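Here's the structure we're looking at; comments come further down.
2 protein chains.
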Amino acid sequence: MTDFKAQPPAGMEPTGASTQGDSLYQLIRDDIISGRLQANERLIVADLAQRHSTSTNPVREALQLLRGEGFVVISPNRGARVRPIDQNFVRDIYEIGVLIEPALTRWFVGMATPEDIVQLEKVQAEIEENNFADALRHSELDTRFHTIMYERHYNRHAAELWWKHREVLRAVSRRYNFTLARRAQVMREHRQLIQFIKDGEAEKAATLVAQHVEGSGRHVLEQMRAAEAARAG
Amino acid sequence: MTDFKAQPPAGMEPTGASTQGDSLYQLIRDDIISGRLQANERLIVADLAQRHSTSTNPVREALQLLRGEGFVVISPNRGARVRPIDQNFVRDIYEIGVLIEPALTRWFVGMATPEDIVQLEKVQAEIEENNFADALRHSELDTRFHTIMYERHYNRHAAELWWKHREVLRAVSRRYNFTLARRAQVMREHRQLIQFIKDGEAEKAATLVAQHVEGSGRHVLEQMRAAEAARAG
DNA sequence: CTGGATCGGATTATACATTATTTGACATGG
DNA sequence: CCATGTCAAATAATGTATAATCCGATCCAG
Chain A
7 MTDFKAQPPA
17 GMEPTGASTQ
27 GDSLYQLIRD
37 DIISGRLQAN
47 ERLIVADLAQ
57 RHSTSTNPVR
67 EALQLLRGEG
77 FVVISPNRGA
87 RVRPIDQNFV
97 RDIYEIGVLI
107 EPALTRWFVG
117 MATPEDIVQL
127 EKVQAEIEEN
137 NFADALRHSE
147 LDTRFHTIMY
157 ERHYNRHAAE
167 LWWKHREVLR
177 AVSRRYNFTL
187 ARRAQVMREH
197 RQLIQFIKDG
207 EAEKAATLVA
217 QHVEGSGRHV
227 LEQMRAAEAA
237 RAG
Chain B
7 MTDFKAQPPA
17 GMEPTGASTQ
27 GDSLYQLIRD
37 DIISGRLQAN
47 ERLIVADLAQ
57 RHSTSTNPVR
67 EALQLLRGEG
77 FVVISPNRGA
87 RVRPIDQNFV
97 RDIYEIGVLI
107 EPALTRWFVG
117 MATPEDIVQL
127 EKVQAEIEEN
137 NFADALRHSE
147 LDTRFHTIMY
157 ERHYNRHAAE
167 LWWKHREVLR
177 AVSRRYNFTL
187 ARRAQVMREH
197 RQLIQFIKDG
207 EAEKAATLVA
217 QHVEGSGRHV
227 LEQMRAAEAA
237 RAG
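Going down the list, the sequences are from chains A and B. So for the first sequence, my numbering puts the first residue at 7; every next one is plus one. So for the second sequence, my numbering puts the first residue at 7; every next one is plus one.
Written out as structure tokens, the structure is:
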């Protein structure tokens, strides 16, 4: 049984935080993602420090990190607030993905070894086997699939950017389900992608990935819209 | 006399820092850019606090900010170091620019008003008038030129990313001169770009911008290589 | 509506405790 | 003698605690 916790691409943890700052970052981020913290809610340093029984310094550090990832907005002298993860936010990130991922893919096609293909096929087999039964697991596997392609890219900046965005998107989409249509499409595109990589069809692979990411974004945005409509109606 | 200090696109200061943290950020960043701080030099919190006569807290904050912009590398329990702004670093950033800027441009072409065109032409006129005589001024004007195109883009993430990268690149290229060939090319491309925008030729404008950014990156990298060779030889 | 008074909380300043890393003296095995 | 390993002191990072200031928002009297 393979574990299916998504790992950040080798040698690129989001670090820059100290031990405690880092775990605080995790905790607060989870609170934001899970919705325990409302959108736009104020994040009061003293409160957070007390709630997690630390002093204020680590809290500030964690907030800075969260700001960097886009989960929190800080305005000088007015403190931090939970960033509302709204449709615009998600759209922005997907759009950047549509621009960057094809480039990462194009490079990967030129560099892929037979072992890489085996890896991809193995993960894809797991995805098919799981067949969306366990949503969380699907998310992790899907992330692993793309990580295999991107993690060795020479452009560390681009790969890092991708990973950061990926984490946000994973957090968001965790709240929704895949429609049947989307499930079929994901499978189709992954299989097709593997084929293109095998054939060394860099351009086709890149185009496909652009579609894949865009489709994924469109799907999540639909879900968000639907959920919002439900809430309003 | 227009001032030619490059302004961040409206409503998007990179900050999130407090007054003092912010000015420290500026100061340290300048020290890094100007070379007063060596590559990989350790940034000791207590020292910096003393040098700038503040306490350690704002210094920590400033370092976090600098880390976010890529000027500083922080490793847990080992503190902060000046990030060597090497060729890979610069290449990575330009490559991302080549992916993102064309998309921003494409949108701008569809949205540009006559006033925008006037603005662009005015800045371009200033650029031509200055004709690279004052390098710093050229840099600011060139930045302003592109800011006009990007600052109103609906994708705030993308625009912000562009701006952050722009600041780094401006810092780096400040150290070098434009070759004659590059000067001519920049002028040509700007003029051509304005024309495409006037004609509503979004695709052509996008392609041209990709070239423009790539050319700019290539040029800076050449300079860096040359400088390094000179240092070694 | 306008100019303070007030309040919450961010920001800054200190001082100190704790912990991890680095350094250099010294010892040991080859 | 040199390479390697060990250990303790020195160095800084990190975390805690507390107080002083400063800023922005709100309330209130005029």
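Virtual Cβ for every residue (Gly too), placed ideally from N, Cα, C. Predicted, not measured: the structure shown is a model, and the values here were computed from it.
Residue i burial status per 10 Å Cβ neighbour count (16 or more: buried)
i	result
A:Ile133	buried
A:Thr119	exposed
B:Asp28	buried
B:Gly223	buried
A:Gln229	buried
A:Val124	exposed
A:Ser145	buried
A:Arg243	Outside the modelled stretch of chain A, which goes from 7 to 239, sits residue 243 of chain A, for which no answer is possible.
A:Glu234	exposed
B:Glu209	exposed
A:Asn161	buried
C-beta contact flag for residue i and residue j at 8 angstroms
i	j	result
A:Glu75	A:Ser24	no
B:Val219	B:Gly103	yes
A:Ala164	B:Glu101	yes
A:Val78	A:Leu49	yes
B:Pro108	B:Ala216	yes
B:Asn63	B:Pro90	no
B:Ile39	B:Arg180	yes
A:Leu105	B:Ile106	yes
B:Ile80	B:Leu126	no
B:Ala232	B:Asn183	no
A:His225	A:Arg188	yes
Pick from the options that is closest to residue i, judged by C-alpha positions
i	options	result
A:Leu241	A:Ala45, A:Ala139, A:Leu199, A:Arg42	The displayed coordinates of chain A run from 7 to 239. Any statement about residue 241 of chain A would go beyond what the structure contains.
A:Asp148	A:Glu135, A:Leu54, A:Ile39, A:Ile99	A:Glu135
A:Gln44	A:Gln13, A:Ser81, A:Arg87, A:Gly221	A:Arg87
A:His152	A:Tyr160, A:Val129, A:Asn137	A:Val129
A:Arg150	A:Trp169, A:Glu195, A:Arg162	A:Trp169
A:Leu167	B:Ile99, B:Trp113, B:Gln56, B:Asp205	B:Ile99
A:Gly206	A:Trp113, A:Ser59, A:Gly239	A:Trp113
B:Gln26	B:His225, B:Val65, B:Glu234	B:Val65
A:Asp122	A:Ala238, A:Gly239, A:Arg237, A:Lys204	A:Lys204
Contact set for residue i: own chain, Cβ-Cβ below 7 angstroms, skip 5 residues either direction
i	result
B:Tyr31	Ala23, Ala68, Leu71, Leu72
B:Leu227	Gln93, Val96, Arg97
A:Thr111	Met155, Ala211, Ala212, Val215
B:Ser61	Ala55
First through last residue of the alpha helix (DSSP H) which encompasses residue i
i	result
B:Gly41	Looking at the DSSP string, B:Gly41 is not in any alpha helix (DSSP H), and its letter there is neither H nor E.
A:Ser145	141–156
A:Ser222	208–238
B:Ser24	Taken as a continuous stretch (DSSP letters only), B:Ser24 belongs to no alpha helix (DSSP H), as it is neither H nor E.
B:Ile123	120–136
A:Ile203	186–204
A:Tyr100	93–117
A:Thr62	62–75
B:His163	162–179
B:Gln56	51–57
Span of the beta strand (DSSP E) around residue i
i	result
A:Gly85	85–88
A:His81	The sequence as given places Ser at residue 81 of chain A; His does not occur at that position. Note, A:Ser81: beta strand (DSSP E), 78–81.
Own chain residues within Cβ distance below 8 angstroms of residue i, not counting five before or after
i	result
A:Ala52	Thr62
B:Glu195	Leu214, Gln217, His218, Gly221
A:Met193	Ile133, Glu134
A:Arg83	For clarity, residue 83 of chain A is Asn in the given sequence; the question names Arg instead. None.
A:Gln198	Leu214
B:His58	Leu30, Leu33, Val65
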